[in-house]
Amino acid sequence: MSKAAELVDVGTPDGHCVIVFSEEGHYLRKIGCDGVTNFPNGIDISDAGDVLVGDSHGNRFHVVVFSREGSLLSEFECPYVKVSRCCGLKITSEGYVVTLAKNNHHVLVLNTLYIV
2 MSKAAELVDV GTPDGHCVIV FSEEGHYLRK IGCDGVTNFP NGIDISDAGD VLVGDSHGNR
62 FHVVVFSREG SLLSEFECPY VKVSRCCGLK ITSEGYVVTL AKNNHHVLVL NTLYIV
């Protein structure tokens with residue numbers, strides 16, 4: 002299945018999840034939940050098809066990695082800086098994970114986590 006075979010949309014922050022739709026706009030499934038993806042505010046899909054969801058709730062940047070089917074694969078947290086109100090998440094062509102923190106005026110660039 003290609004990276005573009007499914008469209009993924011971040012639900013409302015209060016929804017504590019990511020909603021996955023088909024290319025035709027049909028609901029497929031939810032991934033994440035309260036306590037895992039508390040307030041999702043960024044998403045990207047790796048070349049391998051893994052779904053990365055960013056969350057900066059609690060003044061920390063947290064990345065959760067799911068399989069395309071929605072299984073939780075791993076979680077990562079940036080312990081070096083407290084951030085608030087991150088917006089967006091992007092995997093660069095080099096494999097870095099990047100986000101912007103609006104309240105702190107930071108750009109976070111995390112080394113490749115494990116993404117292929």
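In this note's numbering, the protein residues as written are 2 to 117. All C-beta atoms, glycine included, are put in the ideal place defined by N, C-alpha and C.
In this structure, DSSP gives residue 16 a helical state, which the three-state scheme calls helix. In this structure, DSSP gives residue 100 an extended state, which the three-state scheme calls strand. Minimum Cα-Cα distance from residue 92 among the listed residues 82, 84, 42 and 112 corresponds to 112.
Setting aside the 5 residues that flank it on each side, residue 35 is surrounded in the same chain by 17, each with a C-beta closer than 6 Å to its C-beta; the list follows chain order.
In the three-state reduction of the DSSP assignment, residue 26 falls in the coil class. DSSP, read as helix, strand or coil, puts residue 40 in coil.
Per DSSP, the unbroken beta strand (DSSP E) holding residue 78 starts and ends at 73-79.
With fewer than 16 other beta carbons inside 10 angstroms of its own, residue 82 counts as exposed. The three-state reading of DSSP puts residue 56 in strand, counting E and B together. Contact between residue 51 and residue 66 holds: CB atoms are separated by about 5 Å, below the 8 Å threshold. Judged by DSSP in its simplified three-state form, residue 108 adopts strand.
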